[in-house]
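Report on the following structure.
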Amino acid sequence: MSIDANDISRTMQETYDHYFLSDGYRRRYPEPNVATMTYLLEKGLAEVDQILDFGCGNGRYSLALLEKSQAHLTAYDISAASLTEFESRLRTTSHRERVTFVYGDLDGLNRYACYDAILMLFGVLSHVVERNLRLETLHKMRSLIRADGKLILSVPSIFRRRPWELFKYGLARTLGHARPPHDEAGNICFTRRIQGRNLTFFYHLYSLRTLCEELAEAGFAISEWQPESVFPEWLVTQSSLMRCLDRRLCSWIPAELGYGMRVLANPV
Ligand SMILES: C[S@@+](CC[C@H](N)C(=O)[O-])C[C@H]1O[C@@H](n2cnc3c(N)ncnc32)[C@H](O)[C@@H]1O
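Residues 17 to 284 in our numbering are what the sequence shown lists, from first letter to last.
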């Protein structure tokens, strides 16, 4: 059976609402990936005025950036529960007045355009499994970013993630049985049990080439790329030992062998 874009978007919304409401996300990823956070600071994000965290989740990166900067931050997500969790975490800080929340309405992002930096961290773009919608999203980011702005995003690598699902949907395509969204190479879907409920995740998995191509179509050029981590993100955010080991390994391997790939793209 084909699944249309609205069904996918609704499923992802329900998945993440439960993930955040059940506290499953915070337990699994209790803090930012330190290597990515360090990278954001190296790229000058503590000095900019306007940041958009697109697919901000519970604000694990936004909160850390608010601590380090005086920037105004726009926090966008399709999960209302994620924004509620972010807002409640902000209440214990003095940063609330520097944050604008935008829930699921892309036009709501126009208010602070142009952004100096746009973040799409830890697989946000991959959840938009239809190519034309990903391009629409990236074109929107292009329209919102300053001419000298920075787009920093990370996506799961097709060479590291979900080999069984890739095989299964690849075989269905070869045999002519694949229905949308699985008729597109790299699209997968899987179920994970989180806090007592089976949750469905849609993902588009990327190679560096396919990511470069999509970004180029939307008017961005990649200038830097690295592995986001070698070990799964939950491991590097929960164990300082694994984090140290991971940082060493990351300096030796190509981006595509990372669990995820982190790239810096600039508008052209
Ligand atoms: C893996 S989480 C990453 C959250 C955050 N960036 C982080 O690093 O913790 C993916 C996030 O993308 C959001 N998301 C899923 N589909 C989206 C879409 N079409 N547009 C914007 N955000 C989306 C989810 O609600 C979720 O908060």
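Heads up, the beta-carbon is just placed ideally off N, CA and C, and yes, glycines get one too.
(request) Determine, using beta carbons only, whether P179 and V145 come nearer to each other than 8 Å. (result) Going by C-beta atoms, P179 is not nearer than 8 Å to V145.
(message) Once DSSP output is grouped into helix, strand and coil, what is the label at A188?
(response) A188: helix per DSSP, three-state reduction.
(request) Would you decide whether E83 is buried or exposed? Buried here means 16 or more other CB atoms lie within 10 Å of its CB. (result) Under the 10 Å beta carbon count, E83 is surrounded by fewer than 16 other beta carbons and is classified as exposed.
(request) Assign A237 to buried or exposed, taking buried as 16 or more other Cβ atoms, counted over all protein chains shown, within 10 Å of its Cβ. (result) Per the 10 Å Cβ criterion, exposed.
(message) Here's a check: name, in chain order, each residue in its chain whose Cβ is nearer than 6 Å to the Cβ of Q211, leaving out the five neighbours to either side.
(response) Around Q211: S38 and G40.
(request) Could you please give me the residues that DSSP links to E240 through a beta bridge? (result) E240 is bridged to L280.
(message) Quick check on I269: buried or exposed, where buried means 16 or more other Cβ atoms within 10 Å of its Cβ?
(response) The residue in question, I269, is exposed, as its Cβ has fewer than 16 Cβ neighbours within 10 Å.
(request) Give the range of the alpha helix (DSSP H) segment to which H193 is assigned. (result) No alpha helix (DSSP H) contains H193, which DSSP labels as neither H nor E.
(request) Check whether the Cβ atoms of L89 and R114 sit closer than 8 Å, and answer yes or no. (result) In contact: L89 and R114 (Cβ atoms closer than 8 Å).
(request) Report the rounded CA-to-CA distance for C266 versus D20, giving the unit in angstroms. (result) In a straight line, the C-alpha of C266 is about 37 Å away from that of D20.
(request) Would you kindly report the start and end of the unbroken beta strand (DSSP E) that includes K166? (result) Where K166 is concerned, the enclosing beta strand (DSSP E) stretches over I161 to P172.
(request) Compute the distance between the beta-carbons of L125 and L68, then report whether it is under 8 Å. (result) Contact: yes.
(request) For M53, write down the residues that DSSP places opposite it in a beta bridge. (result) DSSP lists no partner for M53.
(message) Is V145 a contact residue of ligand 1, with contact defined as CB to any heavy atom under 7 Å?
(response) Result no, Cβ not under 7 Å from ligand 1.
(message) Please give the ranges of any beta strand (DSSP E) in the region 99-125, keeping only runs that are unbroken, at least 3 residues long and fully inside the region.
(response) List check, beta strand (DSSP E) in window: 115-119.
(message) Using only CA atoms, which one of E30, Y219, L154 and A91 lies nearest to S173?
(response) Ranking the options by Cα distance to S173, first place goes to Y219.
(request) Report the three-state DSSP secondary structure of L154 (helix, strand or coil). (result) Residue state, collapsed to three classes: helix.
(request) Output the boundary residues of the alpha helix (DSSP H) element that contains N74. (result) Where N74 is concerned, there is no enclosing alpha helix (DSSP H), given that its DSSP letter is neither H nor E.
(request) Return the chain-ordered list of same chain residues with a C-beta closer than 7 Å to the C-beta of E200, the five sequence neighbours on each side being excluded. (result) Within the same chain, E200 has close Cβ partners R147.
(request) State the DSSP-derived secondary structure class of R177, mapped to helix, strand or coil. (result) Residue state, collapsed to three classes: coil.
(request) Give the single residue among Y185, N282 and M277 whose Cα lies nearest to the Cα of L141. (result) Checking every option, the nearest Cα to that of L141 belongs to M277.
(request) Classify S223 as helix, strand or coil using the three-state DSSP reduction. (result) Three-state result, S223: coil.
(message) So the candidates are G202, M157 and S245; which of them puts its Cα closest to the Cα of G186?
(response) Comparing Cα-Cα distances from G186 to each of G202, M157 and S245, the minimum goes to G202.
(request) Going by CA-CA distance only, name the one from S98, V50, Y35 and Y77 that's closest to L257. (result) The closest CA to that of L257, considering only S98, V50, Y35 and Y77, is found on V50.
(message) Nearer than 7 Å: is that true of the beta carbon of D93 relative to any heavy atom of ligand 1?
(response) It does: the Cβ of D93 is within 7 Å (strictly closer) of some heavy atom of ligand 1.
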